[in-house]
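If you count by mature numbering (1 follows the signal peptide of the UniProt record, and there is no 0), then the sequence shown holds residues -18 to -1, 1 to 551, one letter each, in order.
Ideal Cβ positions, reconstructed from N, Cα and C, are used throughout, including at glycine.
First the structure, in the form of structure tokens, and then the observations on it.
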Amino acid sequence: MGSLNIIYLLSILSIAYTQIVDKGPSAESIRRVQELRQILKKHETHLETPWASDDLYCSCTQDACDSDIVAIAGKNFSGICRVKHGGACGLTISRKGLSEIEFVHKECFDKDELQPPGRPFQCQTIKASKTYTYTEKECCYDDMCNDREITIPTKTIESSEGLHWYMLLLFFVAVFFSAVGLIVGVFWCRNEKSKTYFRGLVARFIHRAPRAEDDILISPKCKTQLDKFLDDLEVSSSTGSGAGAPMLAHRTIARQIQLGTCIGKGRFGEVFIGEWKGEKVAVKIFISRDEKSWSRETEVYQTNMLRHSNLLRWIASDNKDTGTLTQLWLVTEYLPLGSLYDYLEKNTLSTTIGVQMLRSIAHGLSYLHAEVPGVNNQCIKPAIAHRDLKTKNILIKNDMTCAIADLGLAVRYMNGEIDIPENSRGGTVRYLAPEFLDETMVTNRFNSYVNLDIYALALVFWEVARRMEYSLVAWGALPYEPPYFEFVPRDPTIEEMRQCVCVEGHRPTIPDDWKNSGAMIEITRIVQECWANNPNSRHTALNIRCSLDNLKASSKILSQSLNSQESVS
């Protein structure tokens, strides 16, 4: 395989070399930013994040990256995102070989997203030598600095004499490796002792037990940075497909993480706090019999462009031999506030914070469900359905927004085909939709899985809404209860849920007060329309997101803004 790599590289060098040329932001782009600054300053009271003169403006191509700006300044300013001072503009160029561009992606990064400080993962180029793909990443810090016209001039080697020597060298290399292969083959066939030796040698490599320190799967966004950040991570191989394939390295993250206390348990195993290079991370540890679940969740997290502020950030996957068993590690960012389920049990929410949480969940699910196409109709990010959406699988960030986690049961829709895990069971029984419970779901349509998520989302919204304090309720929020608590036991079976949801037609009780409060009226409408019995009549996540965005911007929610954040119930 090494000889093929050498021949490939020599053949490329013998023909041409390619250089990406960027022409920098245009004068028109700079003019648009200056005009946009004036507009946003004039309407700064309507901005979701405060306006400042040193805000950074970048070109962006991500879905809804410009929604706040377009809502205020109009469609003439589409394709522009805004971040606070300290953020960065990002530019990603994915190439195949040395010349062919597969896609160009532009975005904004908040300051807290640029981790680790000084050499953030998002700004490091990724090279996969076996697939000859190069994902060039760059961060810059001036207005519209990533708004560049990318061209690929190709300069051929003009000297016929130079070309002659390249081709001659290529010929001799090919002859040399062919001769070596022939000699080894003859030696193998004619010498029984050598044949036995080679068989034993091959068996040692093929059948040897894997060692924990040999293999590690590293996040596409982190791998090149980790090569440098971990001092001597030597890239040995790469697998997968598309830009941002996983990478194998000899030193493992598992050996470098110091595990702390256990912060959660589930059917998969346990979650621990870990410390890696001075930073806290969350380590989800599977036991070896759950290898398929670990592999599937890792595979989904490796999906290209699966980066969103309302999706939990994956860092790496690894395995570790403890001596008695093999542990399978999945390392993610650590969010100290924990799950939405635990938070709602102990805390109430102001209307402002409650709507903010609902919006962030809808934004994350909308991005998960969306297929982000590339140039020439090539898929960059496939559509993904979660299939196990619930408050225990949603985490709370420090800014009181939410991040969707646990993609082990997720279904992907790629190139017209549904990619479903081998364990095709449904999610948590309490959150299963009517069509799944009565077995009328059309399993060969991806939209059916999306509709399951929307039903579960309605139940999550109902749970959050019960803990919201709004002006018409003098005694505060309702106590936390799981969906259908009034109809089924704490740990219901599928048969009990089918009887409750499908036969008796129950849905979680909507308090009468919700129909008289501005914000709660809109939330009630969304919830009731999203848990409809007919899956095709439910809203899309994008529609829900837009409704909540409008609610946030409306006078209904502004008039009910409270000074307090949240109080302990």
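Top-ranked residue by Cα proximity to residue i, from the options
{"i": "Thr383", "options": "Pro355, Thr334, Phe418, Phe91", "result": "Thr334"}
{"i": "Val15", "options": "Cys127, Ile75, Leu389", "result": "Cys127"}
{"i": "Ile239", "options": "Gly251, Phe250, Gly256", "result": "Gly256"}
{"i": "Arg507", "options": "Asp324, Leu441, Leu460, Val162", "result": "Leu441"}
{"i": "Ala535", "options": "Asn516, Ala501, Asn58, Arg480", "result": "Ala501"}
{"i": "Asp94", "options": "Ala459, Val446, Thr306, Asn380", "result": "Asn380"}
{"i": "His25", "options": "Glu10, Ile54, Asp48", "result": "Ile54"}
{"i": "Ala264", "options": "Asp272, Phe428, Lys247, Ser277", "result": "Lys247"}
{"i": "Lys328", "options": "Leu460, Ala392, Ile108, Glu399", "result": "Leu460"}
{"i": "Asp35", "options": "Lys57, Glu120, Asp125", "result": "Sequence check: residue 35 is Ser here, not Asp. The shortest Cα separation from Ser35 among Lys57, Glu120, Asp125 belongs to Asp125."}
{"i": "Pro490", "options": "Val162, Asp45, Tyr413", "result": "Tyr413"}
{"i": "Leu521", "options": "Ile267, Thr31, Asn429", "result": "One point to set straight first is that residue 521 is His, not Leu, in the sequence displayed. With distances taken between Cα atoms, His521 lies closest to Asn429."}
{"i": "residue 602", "options": "Asp303, Pro474, Pro102, Asn515", "result": "Since the displayed the chain opens at -18 and closes at 551, residue 602 lies outside it and no answer follows."}
{"i": "His290", "options": "Val354, Met396, Gly167", "result": "Val354"}
{"i": "Leu293", "options": "Leu347, Glu252, Arg407", "result": "Leu347"}
{"i": "Ile62", "options": "Asp37, Tyr466, Ile492", "result": "Asp37"}
{"i": "Ile386", "options": "Leu288, Gly260, Gln106", "result": "Leu288"}
{"i": "Ser41", "options": "His67, Thr27, Pro465, Ile12", "result": "Ile12"}
{"i": "Glu252", "options": "Gly260, Phe103, Leu310", "result": "Leu310"}
{"i": "Ser8", "options": "Ile132, Leu29, Glu404, Asp45", "result": "Ile132"}
{"i": "Phe254", "options": "Ala236, Leu73, Ala46", "result": "Ala236"}
{"i": "residue 615", "options": "Val166, Trp444, Pro403", "result": "No statement about residue 615 is possible, as the shown extent of the chain runs from -18 to 551 and does not include it."}
{"i": "Lys66", "options": "Ser519, Tyr316, Leu96, Asn58", "result": "Leu96"}
{"i": "Leu319", "options": "Val282, Ile245, Ala352, Thr304", "result": "Ile245"}
Bridge partners - residue i, DSSP secondary structure assignment
{"i": "Ile267", "result": "Glu252, Trp311"}
{"i": "Thr376", "result": "In the sequence under discussion, the amino acid at residue 376 is Ile, which differs from the Thr named in the question. DSSP, once it has assigned bridges, lists Ile386 as partnering Ile376."}
{"i": "Leu38", "result": "Val65"}
{"i": "Asn128", "result": "Per DSSP, none; premise fails for Asn128."}
{"i": "Lys302", "result": "Gln309"}
{"i": "Glu257", "result": "Gln240, Lys262"}
{"i": "Val354", "result": "Lys363"}
{"i": "Trp296", "result": "Thr314"}
{"i": "Glu30", "result": "According to DSSP, which records beta bridges pairwise, Glu30 is partnered with nothing at all."}
{"i": "Phe91", "result": "Ala70"}
{"i": "Cys122", "result": "Cys71"}
Residue burial classification, residue i (beta-carbon count within 10 angstroms, cutoff 16)
{"i": "Ile198", "result": "Residue confidence is low: Ile198 scores 42 on pLDDT, short of 50, so the model does not pin down where it sits. No coordinate-derived value is stated."}
{"i": "Trp147", "result": "exposed"}
{"i": "Asn433", "result": "buried"}
{"i": "Ala161", "result": "exposed"}
{"i": "Lys266", "result": "buried"}
{"i": "Arg394", "result": "buried"}
{"i": "Lys60", "result": "The amino acid at residue 60 is misidentified as Lys; the sequence shows Ser. Counting Cβ neighbours within 10 Å, Ser60 comes out exposed, since fewer than 16 surround it."}
Collapsed DSSP secondary structure at residue i in the structure displayed
{"i": "Met479", "result": "helix"}
{"i": "Pro461", "result": "coil"}
{"i": "Gly242", "result": "strand"}
{"i": "Asn58", "result": "helix"}
{"i": "Leu533", "result": "helix"}
{"i": "Tyr323", "result": "helix"}
{"i": "Ile362", "result": "strand"}
{"i": "Arg394", "result": "strand"}
{"i": "Gly525", "result": "One point to set straight first is that residue 525 is Asn, not Gly, in the sequence displayed. Residue state, collapsed to three classes: helix."}
{"i": "Glu404", "result": "coil"}
{"i": "Met450", "result": "strand"}
{"i": "Asn329", "result": "strand"}
{"i": "Ile108", "result": "strand"}
{"i": "Trp496", "result": "helix"}
{"i": "Glu421", "result": "coil"}
{"i": "Gly487", "result": "coil"}
{"i": "Ala514", "result": "coil"}
{"i": "Ala415", "result": "coil"}
{"i": "His345", "result": "helix"}
{"i": "Glu399", "result": "strand"}
Beta-carbon proximity of residue i to residue j, cut-off 7 Å
{"i": "Ser299", "j": "Thr285", "result": "no"}
{"i": "Ser76", "j": "Glu84", "result": "yes"}
{"i": "Leu322", "j": "Thr243", "result": "no"}
{"i": "Ala70", "j": "Tyr123", "result": "yes"}
{"i": "Leu439", "j": "Val483", "result": "no"}
{"i": "Trp296", "j": "Thr308", "result": "no"}
{"i": "Leu350", "j": "Ile366", "result": "yes"}
{"i": "Leu530", "j": "Leu340", "result": "yes"}
{"i": "Leu18", "j": "Trp33", "result": "no"}
{"i": "Phe103", "j": "Gly72", "result": "no"}
{"i": "Leu533", "j": "Met450", "result": "no"}
{"i": "His345", "j": "Arg527", "result": "yes"}
Check: residue i C-beta below 6 Å from any heavy atom of the ligand COA
{"i": "Asp50", "result": "Questions concerning the ligand COA fall outside what the structure shown contains, since it holds no ligand whatsoever."}
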